[in-house]
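The structure appears right after this line, and notes come after that.
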Amino acid sequence: MIKRNKFKVLPIIFCILLLIESCTTNRQLINPIVKTQSGMVKGVMNETRKIVSFKGIPFAAPPVGNLRWREPQSPPMWEGIRNADTFGNSAIQIKQGSRNPYSKEFMVQNDISEDCLFLNIWTPENITAKKRAVLVFMHGGSLLEGSGAIDVYDGEELSKKGIVVVTINYRLGVFGFLAHPELTRESPNKVSGNYGLLDQIAALKWIHSNISSFGGDPSRVTIAGQSAGAGSVNALIITPQAAGFFHGAITESGSRLINDRQIMPLLTDAEKLGVKFAQSKGASNIAKLRELTAEQLIKMDTTQPQIRFGRVIDGYYQLNNLSLVFAEGKQNDTHFMNGFNADETNYTGNKGEEFISLYSKGNKNSEKIAGQQQSLVNANLWMELRSKTSKTNAYEYFFTRAIPWPEHPEFGAFHTGEIPYVFNNLKMINRPWTSIDTLVAERMSSYWINFVKTGNPNGKGLPKWSSYQPK
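In this note's numbering, each residue's number is its place in the sequence shown (first place is 1) plus 2.
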C-alpha cells in the first residue's frame, strides 16, 4: 500500500517540475532580449498593456575618475544578458523634497551618482513588426536637478499609441557645465563647459545606432523637453554636431528662456568662473579638483555667492546665442512645436514687475496677466524669429488646464503642469481628476504622438490645429 502511493506521487512531482520549467520558459519568451552594440539587454513585458520597457541602459561610459569633465566615451561592452528592469542612477544633484506645486511624482526618487549616463526605452511588444517613430524626452530642472526616471515621464501610455519613447539622463550642475582653462587645453576640440550637452548628443548617437533593434526608426526621431529640457532642445537645434540625429523638436515652456537666462556666456568668461569655483574648493588645478568627492564638489557653501553653471558659447558646439544663430539661418531645421502654460510665472517668473506697470493698479489679476504676457511675448518673438529662416512647419500652443488641486487653486496651470497630460499619466498623481482631465490628456497626448509620427499634430477626431503663420 505504501509503495503504491510512492509511485503515484512521483508522476505528480514530475508534472509540477515540468510546469515550473514551462512557466520559466514562458517568462523568458515574454521578456524580450535585444542586441545592442554594447551587449544584450532583457526588457520587461507589461502583459496587460502589451508594452516592453528597457530601463537603465548605459549609453556612455561612467563619467567618473579621470573621465570627470571629459567628452562622453563609448559605453563598455558587457558579456551575457543585462537585465534592464530597473532605472539607472540619476545624475548627482542636491535632491529636492516635494514642494508646492510639485508632489513626489515630479521629483527624483531613485539613487543619484556621477555614474548616471543611462537611458530608458518603452516600445510596443511586437518589436520587430515595423519601425516606429521615436520620441526622446529631456527632463527639466534648471540644469541642476531632474532625471529621466521621474514618475511622470513614464513612456508606457505614449508607447501604446504606436511610438517608441526614450528618456535620458545627462550630467548636471558643476559636473555637466564646468568650464576651466585647463579643461579647455586638454580637450581635443579645445573647449570646455558643455558636458551635459555632449551627453545629450551621445544619447542621440546611441539611439541612432541602436533604436532599430527596439522597433524604432532612426530616421524619424523627435527630441522634446520641458523648461531646462526645452532649453536643451533649443541648444541641440543650434549644435552642428547634432545634425541628422533628430528630425522634429518640441519645446514645452522653453520659449521663456529666450530672455536673459538664454544669453550664454563666452567660454573665456565661463573659464574665469571655473577658476573661481576651483579656488573656493581649495583646488589649485583640475587634477586636485578631480580628487575631490562628488559630495565635496556639490556641497553648498552658504558663506559664498553661488556660482551657477550652464551652457557656454564655446565656438565649436555652441557657436553663438540662440537668436543670433537663427537670425543667420545656421540652425538644424526641423518640424517644430512650442508652447507655454497660462500660470508659468506664478512660480518661476522673474520679469512680472516689468509687465505689471502696463495694467491698472486696481486690477487684482494684474500680476497673473503680467506673467502670461511675459511668456506670450517671448513665445511669439521666438516663433517669429524662427519663421524668418526656417522652411519647416511650426505649431504653437497655450496650455490653460489647471491640475485639480482644491487646497491650492492659485497655482493654476503651473510650470510643468502639462506633463501628466502630455504623457497621459494622470494615474501617476493622486488628484481628483475629472472626465475633462481625461479628455484633455487623451487629446494632448494624441497631438504630440501625431507630431512625432508625421511632423503635424493633426489627426482623426482632433480639433484642427493650424500651423504658425508669420505676422
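Ideal Cβ placement from N, Cα and C applies to all residues, glycine included.
Compare the Cα-Cα distances from residue i to each of the options and report the closest residue.
i	options	result
residue 395	79, 337, 418 and 48	337
residue 98	108, 90, 89 and 91	108
residue 182	176, 273 and 422	273
residue 289	133, 69, 40 and 55	69
residue 297	318, 116, 466 and 197	116
residue 446	463, 166 and 432	463
residue 392	216, 250 and 279	250
residue 329	243, 309, 389 and 430	389
residue 266	190, 322 and 459	322
residue 346	420, 279 and 318	420
residue 58	423, 32, 232 and 114	114
residue 35	55, 405, 287 and 51	55
residue 190	118, 75, 406 and 448	75
residue 122	50, 206 and 67	206
residue 66	79, 284, 309 and 295	295
Starting from the C-beta of residue i, find all residues in its chain whose C-beta is less than 7 Å away, skip the five residues before and the five after it, and write them out in chain order.
i	result
residue 444	426
residue 473	386
residue 468	none
residue 155	139, 141, 169 and 425
residue 195	179, 180, 181, 269, 272, 314 and 316
residue 37	215
residue 77	40, 60, 61, 62 and 63
residue 213	136, 166 and 220
residue 460	452, 466 and 467
residue 211	39
On the DSSP bridge assignment, give the partners of residue i in chain order.
i	result
residue 124	55 and 167
residue 416	345
residue 83	42
residue 137	167 and 224
residue 2	The structure shown does not extend to residue 2, since the chain spans only 3 to 473, so no value can be given for it.
residue 399	341
residue 252	226 and 339
residue 36	43
residue 60	120
Quick one: what's got a C-beta closer than 6 Å to residue i's C-beta in the same chain, skipping five residues either side?
i	result
residue 229	142 and 255
residue 333	239, 240 and 327
residue 399	341
residue 457	250 and 337
residue 293	none
residue 73	200
Since residue i and residue j are thought to touch, with beta carbons under 8 Å apart, how far apart are those beta carbons, to the nearest angstrom?
i	j	result
residue 252	residue 202	With 8 Å as the limit, residue 252 and residue 202 do not qualify as a contact, their Cβ atoms being about 15 Å apart.
residue 238	residue 454	Incorrect: roughly 16 Å between the Cβ atoms, too far for contact.
residue 316	residue 193	4 Å
residue 412	residue 287	Residue 412 to residue 287, Cβ: 50 Å. No contact.
residue 433	residue 407	6 Å
residue 231	residue 134	Not really, about 22 Å apart at Cβ, beyond 8 Å.
residue 90	residue 118	7 Å
residue 401	residue 343	5 Å
Keeping to the same chain, check which residues put their C-beta closer than 8 Å to that of residue i; ignore five residues upstream and five downstream.
i	result
residue 53	47, 124, 125, 126, 127, 158, 161 and 162
residue 440	428
residue 174	93, 94, 95, 143, 145, 146, 147, 148 and 198
residue 465	445
residue 26	Reliability fails at residue 26, whose pLDDT of 40 lies under 50, so the model's placement of it is uncertain and the value that follows must be treated cautiously. Taken in chain order, the list of residues that qualify is empty.
residue 359	With a pLDDT of 43 at residue 359, under the threshold of 50, the modelled position of this residue cannot be trusted; read the value that follows with caution. Result list for residue 359: empty, nothing under 8 Å.
residue 110	92, 95, 97, 98, 147, 148, 149, 151 and 152
residue 2	The displayed coordinates of the chain run from 3 to 473. Any statement about residue 2 would go beyond what the structure contains.
Taking 8 Å as the CB-CB cut-off, is residue i touching chain B?
i	result
residue 230	Of the protein chains in the structure, only one exists, and it is not chain B.
Next on the checklist: Extract the residue ranges of the beta strand (DSSP E) inside the stretch 177-244, only unbroken runs of 3 or more that lie entirely within it.
Outcome noted: 218-228
Next on the checklist: Please give the ranges of any alpha helix (DSSP H) in the stretch 261-345, keeping only runs that are unbroken, at least 4 residues long and fully inside the region.
Outcome noted: 269-282, 288-293, 296-300 and 324-329
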